[in-house]
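Have a look at the structure below, then the notes.
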Amino acid sequence: MKKIKLATVWLAGCSGCHMSFLDLDEWLFKLGTFVDIVYSPVACDGKIYPPDVDICLVEGAVANEDNLALILQVRKNTKFLISFGDCAVTANVTGMRNSLGSADPILKRSYFELVDVNPQIPLEENILPKLLDRVSPVHEIVPVELYLPGCPPDAERIRATIEPLLKDKKPLMAGRKMIKFG
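Residue numbers (the working numbering): 428 to 609.
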């Protein structure tokens, strides 16, 4: 049996969705009989997103240039993309800075107003990814096949989403149990 190539990606978010994924506990062993996890912050040390990924769960919003480059690569190399959690689906807490109009107020507050010594924005390359002026949910940047809301979605909901996909069926995303935000 050919295993499904599964990836998980963490953009701008808290990692709560990945923690809920790990709450699948013993079912992760069963999942391992059907999938190879080819990219994930919790299971791999991959630096480059691989080609020909079958399913990818993307946690977090697109908030900086690194997130943008990664989500474009993910979309290019993934057949079935799942917006994983409220930040990926709506930008959620990560997107709260959108009301400020640009990234500048956040940078000034973080690197000037709240600093005791040597206030400066780290502009050297490879220190801090450049913030985008607007935080976006994943679907505003790339097409998404499925939305899995929740902050974070619980393990039962994650399993109910992934399990049908292993049988080449689309999960039923209906009812409060499956589509509740928060």
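Quick reminder that beta carbons are idealized off the backbone N, C-alpha and C, glycines included.
Assignment of Tyr476 by DSSP, reduced to helix, strand and coil, places it in the coil class. A Cβ-Cβ separation of about 4 Å places Leu484 in contact with Phe511 under the 8 Å criterion.
With a threshold of 16 other beta carbon atoms within 10 Å, Asn545 falls short and is exposed. In the structure shown, Cys471 adopts coil according to DSSP, grouped into three states. Counted as a single uninterrupted DSSP element, the beta strand (DSSP E) harbouring Phe511 occupies residues Thr505 to Phe511. Within the same chain, Tyr538 come within 7 Å of Gln547 by CB-CB distance, once the 5 residues on both sides are set aside. Taking the CA atoms as reference points, Ile498 sits about 36 Å from Asp543. Proximity of the region 510–525 to the region 472–481 falls short of the contact definition, fewer than three beta-carbon pairs being nearer than 8 Å. Straight-line measurement puts the Cα of Leu438 at about 12 Å from the Cα of Val516. Cβ neighbours of Lys607 within its own chain (closer than 8 Å, five residues either side excluded): Pro576 and Gly577.
A Cβ-Cβ contact shorter than 7 Å links Lys432 with Asp481. Exposed is the label assigned to Val469, since fewer than 16 other Cβ atoms lie within 10 Å of its Cβ.
Between Glu572 and Phe507, the gap from beta carbon to beta carbon is short of 7 Å.
Judged by DSSP secondary structure, Lys457 falls within the alpha helix (DSSP H) whose first and last residues are Trp454 to Phe461. Distance from the CA atom of Ile554 to the CA atom of Ala496, rounded to whole angstroms, is 16 Å. With respect to the 7 Å criterion, Ala490 and Cys514 are not classified as neighbours on the basis of their beta carbons.
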